[in-house]
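What follows is a set of notes on a single structure, which appears directly below.
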Amino acid sequence: MADRRRAPGVLGRRLSRRTLLRGAGGAALALPFLDAMLPARKTVAQAASVPSRIVFFFTANGPNQEQWWPSGGESDFSLAPSMAPLAPFRDRLLILDGIRMATASEARGDGGNGHDVGTGHCLTARGIVAGPSGVGDFGHLFDGTAGGISIDQHIARSLPLGGRPFASLELGAKAEGIFVPLPSRIAYRGEGQPVTPLHTPGQTFDAVFAGIGASVEEGPPPQERRRQLVLSAVQGDLRRLRGRLGTADRERLDLHVGAIEELANRIDATGRVICARPEREDADDFPEILGLQTELLVRALQCDLTRVASVQCSTGQSGVRHRWLGHTESHHAISHKGDSDSFFRGQAAEIDTWYAERFAELLAGLAATEVGDGSSLLDHTTVVWVSEQEKGTGNTHRYGRMPYVIAGGDGTLKQGRYLNLPGRAHGELFVTLMNAMGVEGSTFGLPEYCDGPLDALLA
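In our numbering, the protein residues as written are 9 to 467.
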C-alpha cells in the first residue's frame, strides 16, 4: 500500500489557508501560502522576494475611438494619436480590444442612466441596485449602489495585510460634475458599501502620511501600536511553526518572517514606519490635484503602505471643463456631441491625450522608483486603465468595446501587445488580474458572464 504520509517535518494535517498565528492581547498574523495548506503531493511556486501591487486608473466617458485604437498586428502595432504619450512604455503595454462590459449590457440592474450603469459595473461586474429614493431625473439612482464587491476590494480583502496600515487606498481628484453616489464611486466593499475616495492631496496626506515621522511626544497612533504588538507577539509562534514544516515551506516562511523583520526595522521608537514623508501640499486646480495625488500614490506604494489602489480621475459622467486645453464645454457635454461633429470629436481626442499623459506620468513615477532588489516599482505594479463607457462621442452609452490598457507588472502578463479578444467579458479580465496577484478563483462578478481567466494574456 502506498505511503500517504507527508515528508518528515511536515504537519500531520493540512493547515487552513485562513490560519492565523495569535499572540498575547489578541494580536494575529496571517501566514503565507504554504505546501502544508495543500493536499498531499501538491506544491506551490516559490514566493517572490518583491511583492506585487495593482493600481486601477479610472477616466470617464470613454475615448474618441478613431483616435484611440492602435493599428497593425499583435506585436508590431503602432499607437494611435491619443495614446502617443505612452510611447516610452510601448513594450510594457497590453492594449485589449473587443472586451465587453457584458453585465452592463445584459444585466444592468435598476435605473436607466448609462453613467450610473457603466460606473456601477466598471469594477464590480454586477447589476446596480436602487435605494429607497428609486429612479430620479435622467434615470439616475439618487441613492443607488453597485450590486457587489469591486475587483480592487476583492483583491485587497484576499491578500494578507502583513502589518501594512492600508488594505487599499482610493484616491480621486475633486472636480466639478455630478456627485450622485453611483457615478462618483468606483470601489465597493459590497452591495451598499461604496468606498469614497480621498479627493484632494491634503486629504490624502492627512489620512496616509501625517503619522509618519511625527515627534515622540505625540505618541504612536492606535493602528501603529497594534502593528508593533503583532510583530512582537507572534515571533515565537512563527519559530515553532518553522520546525514543523518541510523545506520549501520553511523557505517561504523565512521570506515572510524576513518581511516582518524588515517592517520592524522600519519602525522607529514612536512605533511609526520610517518612510520619507512628503511635504503637505494641497491644490484647487484639477490638473494640479491629479498630479499631486499621483505622486502621493507612488510614495505610498514605495513605502509599502498598501499594495492595492485606485486613482479616480473626476467621476463617471465627468463634468470637468478642460479649460487648460481651451475647452468651454464639459467633458460630458463634449462626449455627447454627434459623431459627425469634427470639432468636438477633436476636443474629445484632446481630452483622451491629456489623460494618456497623466497615465504616462504615473508609469514614469513608478519606473523611476527603485525597490529593494534594484528593479523598479513599475516592475512589480500592474496598472489598469478603465472607463465606464465604450466611446467618447455620440449620444449612446455603449459597453461592447471597452478601452482597457494594462501596463507594468511582474511579467505574469505578456506585454508589448495589442490583443483582440472579441466578445470576452470584463469579469474574465478581472479573474485574470486577481490570479496574477496570487488570489485564487475562476470567476468574478456574475458567474453567468464569466468563463474563467483570459489565458491569452499570460506570458
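The C-beta atom is built at its ideal place from N, Cα and C for all residues, glycine as well. Keep in mind it's a predicted model, so treat the numbers as computed, not measured.
Looking only at its own chain, which residues have a Cβ that is under 7 Å from the Cβ of ILE297, when we skip the five neighbours before and after it?
Closer than 7 Å at Cβ, skipping near neighbours: ALA181, LYS182, THR208, PRO209, ALA291.
Where SER395 and SER322 are concerned, what is the direct C-alpha to C-alpha distance, given to the nearest angstrom?
Cα to Cα, the separation comes out at about 11 Å.
Specify, as a first and last residue, the run of the beta strand (DSSP E) that THR111 falls within.
Here THR111 belongs to no beta strand (DSSP E); instead the alpha helix (DSSP H) covers 110 to 114.
Below 8 Å on the Cβ atoms is my guess for LEU102 versus LEU427; work out the distance and round it to an integer in Å.
With a Cβ gap of about 7 Å, LEU102 and LEU427 count as contacting.
Do TRP393 and PHE65 have their CB atoms nearer than 8 Å?
Going by C-beta atoms, TRP393 is nearer than 8 Å to PHE65.
From which residue to which residue does the alpha helix (DSSP H) around ALA357 run?
350 to 375 is the span of the alpha helix (DSSP H), which, as asked, contains ALA357.
On the DSSP bridge assignment, give the partners of ASP105 in chain order.
ASP105 is bridged to ASN428.
Taking ALA444 as the reference, which of ILE414, GLU456, GLY424 has the closest Cα?
With distances taken between Cα atoms, ALA444 lies closest to ILE414.
So the candidates are ARG165, HIS340, ASP360; which of them puts its Cα closest to the Cα of ASN403?
Comparing Cα-Cα distances from ASN403 to each of ARG165, HIS340, ASP360, the minimum goes to HIS340.
At a cut of 8 Å, does the stretch 309 to 323 reach the stretch 162 to 174 through at least three beta carbon pairs?
Contact between the stretch 309 to 323 and the stretch 162 to 174 is present, because at least three Cβ pairs lie under 8 Å.
Tell me which residue opens and which closes the alpha helix (DSSP H) that ARG307 is part of.
Element bounds for ARG307: 294 to 310.
Does the distance from the C-beta atom of MET2 to that of HIS162 stay below 8 Å?
Absent from the structure is residue 2, since the part of the chain shown begins at 9 and ends at 467.
Roughly how many whole angstroms lie between the Cα atoms of LEU437 and GLY81?
The alpha-carbon atoms of LEU437 and GLY81 are separated by roughly 21 Å.
For the pair the stretch 81 to 96 and the stretch 351 to 367, tell me if three or more CB-CB distances fall below 8 Å.
Cβ pair count under 8 Å is three or more, so yes.
Under three-state DSSP, which class holds PHE66?
Residue state, collapsed to three classes: strand.
Would you report the Cα separation of LEU179 and SER343, rounded to the nearest angstrom?
Their backbone Cα atoms lie some 24 Å apart in a straight line.
Given a threshold of 16 other Cβ atoms within 10 Å of its Cβ, counted over all protein chains shown, does GLY416 qualify as buried or as exposed?
So GLY416 counts as buried.
Should LEU190 and ASP118 be called a contact, given that it needs their Cβ atoms to be closer than 8 Å?
Taking 8 Å as the Cβ cut-off, LEU190 and ASP118 do not qualify as a contacting pair.
Please classify LYS345: is it buried, with 16 or more other beta-carbons within 10 angstroms of its beta-carbon, or exposed?
Label assigned to LYS345: buried.
Closer than 6 Å by C-beta to ARG14: which residues in its own chain qualify, once you throw out the five before and the five after it? Chain order, please.
Residue confidence for ARG14 is low, a pLDDT of 39 falling below 50, so the modelled location carries little weight and cannot support an answer.
So what's TRP77 in DSSP terms, helix, strand or just coil?
TRP77: coil per DSSP, three-state reduction.
Does the beta-carbon of PHE367 have 16 or more other beta-carbons within 10 angstroms, so that it is buried, or is it exposed?
Classification for PHE367: buried.
Between PHE213 and the rest of its own chain, which residues show a CB-CB distance below 6 Å, the 5 nearest in sequence each way excluded?
So the list reads ARG288, once near-sequence residues are dropped.
Please name the residue or residues paired with ALA433 in a DSSP beta bridge.
BP columns for ALA433 point to ARG108.
In the DSSP assignment, the beta strand (DSSP E) including LEU465 goes from what residue to what residue?
Careful: LEU465 lies outside any beta strand (DSSP E) and carries neither H nor E.
Measure from the alpha carbon of GLY354 to the alpha carbon of each residue in LEU374, ALA372, GLY373, LEU333, then state which is nearest.
When only C-alpha atoms are compared, the closest one is LEU333.
Quick one, which of PRO59, ALA133, GLY126 has its alpha-carbon nearest ASP160's?
Of the candidates PRO59, ALA133, GLY126, the one whose C-alpha sits nearest the C-alpha of ASP160 is ALA133.
Using the C-alpha atoms, what's the distance from ARG432 back to GLU448?
Rounded to whole angstroms, GLU448 to ARG432 spans 20 Å at the Cα level.
Roughly how many angstroms lie between the CA atoms of THR451 and PHE351, to the nearest whole one?
Answer to the nearest angstrom: the Cα atoms are 43 Å apart.
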